[in-house]
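Everything on this sheet refers to the single structure shown next.
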Amino acid sequence: MKGDLGGNLLMSRKWIDGMGKAFIASVGVCFALLLTGGITARAENVEVVPFDKITQEDLDKAYGPGQKYVDKVKDYKYANYINELLKKYDTITFKSGETFTLEYSMEIPSDRAITINADGATIISQKGTVSNADFTITDYQAIKGLSINGGTWKSSTNEGYKGSSFKLAHGQNISFNKMDIQNTNMGSHSIEVVACKNVVIDGCTIQGLGSASGREEQVQIDLAAPGTAGNFLSGAALNGATCQNVTIQNCTITGNKGIGINADGKTSASSVKKANGGKYPNKYHKNITVANNTITGQKGEGLMAYNVIGLVVTDNNIVSKLSAKKGNISAGIHYLNQGKGKKMTATIKNNTVKGGKYAIFVGTNSAKIKKVVITNNTTKCKGAKGNSAVDVSGCKKSVVKKNR
Numbered sequence: 000m001k002g003d004l005g006g007n008l009l010m011s012r013k014w015i016d017g018m019g020k021a022f023i024a025s026v027g028v029c030f031a032l033l034l035t036g037g038i039t040a041r042a043e044n045v046e047v048v049p050f051d052k053i054t055q056e057d058l059d060k061a062y063g064p065g066q067k068y069v070d071k072v073k074d075y076k077y078a079n080y081i082n083e084l085l086k087k088y089d090t091i092t093f094k095s096g097e098t099f100t101l102e103y104s105m106e107i108p109s110d111r112a113i114t115i116n117a118d119g120a121t122i123i124s125q126k127g128t129v130s131n132a133d134f135t136i137t138d139y140q141a142i143k144g145l146s147i148n149g150g151t152w153k154s155s156t157n158e159g160y161k162g163s164s165f166k167l168a169h170g171q172n173i174s175f176n177k178m179d180i181q182n183t184n185m186g187s188h189s190i191e192v193v194a195c196k197n198v199v200i201d202g203c204t205i206q207g208l209g210s211a212s213g214r215e216e217q218v219q220i221d222l223a224a225p226g227t228a229g230n231f232l233s234g235a236a237l238n239g240a241t242c243q244n245v246t247i248q249n250c251t252i253t254g255n256k257g258i259g260i261n262a263d264g265k266t267s268a269s270s271v272k273k274a275n276g277g278k279y280p281n282k283y284h285k286n287i288t289v290a291n292n293t294i295t296g297q298k299g300e301g302l303m304a305y306n307v308i309g310l311v312v313t314d315n316n317i318v319s320k321l322s323a324k325k326g327n328i329s330a331g332i333h334y335l336n337q338g339k340g341k342k343m344t345a346t347i348k349n350n351t352v353k354g355g356k357y358a359i360f361v362g363t364n365s366a367k368i369k370k371v372v373i374t375n376n377t378t379k380c381k382g383a384k385g386n387s388a389v390d391v392s393g394c395k396k397s398v399v400k401k402n403r
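With numbering that gives the first Met the number 0 applied, the sequence shown covers 0 to 403.
Below is the structure:
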């Protein structure tokens with residue numbers, strides 16, 4: 000019996016020794032993959048250099064080993080090289096002190112979070128700057144995370160790009176941090192987010208370029224509707240999804256309008272043929288905060304906020320330079336219900352607001368707003384004598400006090 004037990008123990012030791020060696024071998028393989036990037040390439044931080052400074056080593060990182068310089072760099076656009084890196088690496092860093100020129104947008108993949116570092120770098124855009132790689136994915140899954148940090152973002156022309164430079168849809172966990180953005184025409188959008196949640200724009204300078212007769216906003220918060228995003232979304236992606244949990248803070252924003260939060264209502268794009276508005280007039284954005292910014296609308300509102308449940312506007316300096324003759328859209332802040340929803344609430348406090356006919360205008364084209372609180376604001380308007388700087392109507396409950 001003891002012999003049998005000893006034999007079994009001996010076999011067990013041999014089995015354990017064998018498994019141990021197999022485990023060590025497998026660890027070695029994994030370690031080798033780690034060194035070669037086979038497992039963690041997407042977690043690495045790759046530094047990018049300008050077009051004329053790309054080496055064979057840089058090409059290998061983007062396209063894999065063996066690609067010749069003439070095959071890839073001279074035959075492909077520089078933006079294509081960047082997009083190849085984005086497919087493989089979670090973090091790309093534009094080298095500080097260098098200038099980079101993009102022929103078209105960097106495309107953000109949908110399978111993981113991406114970080115773009117650009118502190119000290121200058122990025123010049125000929126067309127778009129950053130966009131989805133896939134505009135067909137919905138349910139906030141088209142972008143799993145995106146953080147853009149620093150950088151001076153310019154246009155290749157004095158008039159700026161006539162389109163949305165940073166155009167993102169159906170994404171989540173997105174942040175723009177300490178960026179200087181001056182690459183978009185006054186008639187277009189520097190930043191356009193459509194049907195996104197958990198978005199932060201913090202510490203950015205956003206300045207429209209050139210001139211345009213329209214009243215487009217430099218920062219646009221939008222819903223996925225044919226009348227608001229039908230120029231680049233289609234099919235199932237036009238599902239009426241709205242933006243949630245958006246914070247714009249510590250920024251300086253100047254445009255024909257500063258910030259626009261859109262509804263699919265009576266003022267939708269001209270492509271919407273129905274006289275009573277768009278396809279999703281009763282969809283609402285939720286939890287939008289605008290805090291500690293300087294916002295200027297040259298030809299419209301500083302802040303236009305339609306169909307928002309849970310709007311907080313605090314500690315800003317907001318100006319509309321539009322003539323009082325243009326009515327409500329000359330307000331510094333314009334908060335409006337375009338749909339039949341009855342849950343809209345807003346808190347507007349501790350701001351300095353200047354406008355045309357009004358400084359702050361609150362109203363409805365449909366159902367009543369549930370509640371607004373407008374307190375401790377310094378207001379001024381250029382309207383005709385007798386017009387109040389703060390005009391509130393169409394609310395079930397309103398608290399308007401201690402405004403100067």
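Even glycine gets a Cβ: it sits at the ideal position worked out from N, Cα and C.
When DSSP states are grouped into helix, strand and coil, Tyr279 belongs to the coil group.
Here Ala262 is buried, its C-beta having at least 16 other C-beta atoms within 10 Å. In the three-state scheme derived from DSSP, where H, G and I count as helix and E and B as strand, Asn375 is classed as coil. Approximately 6 Å separates the beta-carbon atoms of Asn184 and Ala211; this is inside 8 Å, confirming the contact. The Cβ atoms of Ile252 and Ile294 lie closer than 9 Å to each other. Taking Thr246 as the centre and dropping the five residues before and after it, the same chain places the C-beta of Val199 and Thr288 closer than 6 Å to its C-beta, in chain order. Rounded to whole angstroms, Gly326 and Ala358 show a C-alpha spacing of 11 Å. A Cβ-Cβ contact shorter than 9 Å links Lys177 with Cys203. Under the 10 Å beta carbon count, Thr54 is surrounded by fewer than 16 other beta carbons and is classified as exposed. Sequence-distant partners of Gln248 (beyond 5 residues in either direction) whose C-beta falls short of 6 Å from its own C-beta, in its chain, are Asp201, Ala290 and Asn291. Sixteen is the threshold: since fewer than 16 other Cβ atoms of the shown chains lie within 10 Å of the Cβ of Val48, the residue is exposed. Runs of the beta strand (DSSP E) spanning 3 or more residues and lying entirely within the segment 139 to 212 occur at 145 to 148, 151 to 154, 165 to 168, 171 to 176, 179 to 184, 190 to 193, 196 to 201 and 204 to 208, in chain order.
In the DSSP assignment, Ser319 forms a beta bridge with Gly296.
In this structure, Lys324 keeps its C-beta atom at 9 Å or more from the C-beta atom of Lys353. Residue state for Gly234 is assigned as helix, using DSSP reduced to three classes. Comparing C-alpha distances from Ser154 to each of Thr98, Thr92 and Ser146 shows the shortest one belongs to Thr98. Counting only runs of 4+ residues, the alpha helix (DSSP H) found wholly inside the segment 51 to 120 occupies 55 to 62 and 77 to 87, in chain order.
Shown here, Ile136 sits in coil according to DSSP, grouped into three states, outside any helix or strand. Closest by C-alpha distance to Lys348, out of Ser233, Ile373 and Phe175, is Ile373.
Looking at the DSSP output, Asp314 sits in no beta bridge, so it has no partner there. In the three-state reduction of the DSSP assignment, Ser365 falls in the coil class.
With contacts defined by Cβ atoms closer than 9 Å, Ile205 and Ile173 do not form a contacting pair.
With respect to the C-alpha of Gly299, the residue from Asn281, Lys256 and Val311 having the closest C-alpha is Lys256.
In the three-state reduction of the DSSP assignment, Ala228 falls in the helix class, which pools H, G and I. In the structure shown, Lys381 falls within a coil segment according to DSSP collapsed to helix, strand and coil. Within the DSSP secondary-structure output, Gly259 pairs in a beta bridge with Gln219 and Met303. For Ile136, same chain residues with a beta-carbon under 7 Å away, outside a window of 5 residues either side, are Ser109 and His169 in chain order. In this structure, the beta-carbon distance from Glu102 to Ser130 does not fall below 9 Å. In this structure, the beta-carbon distance from Trp152 to Ser124 falls below 9 Å.
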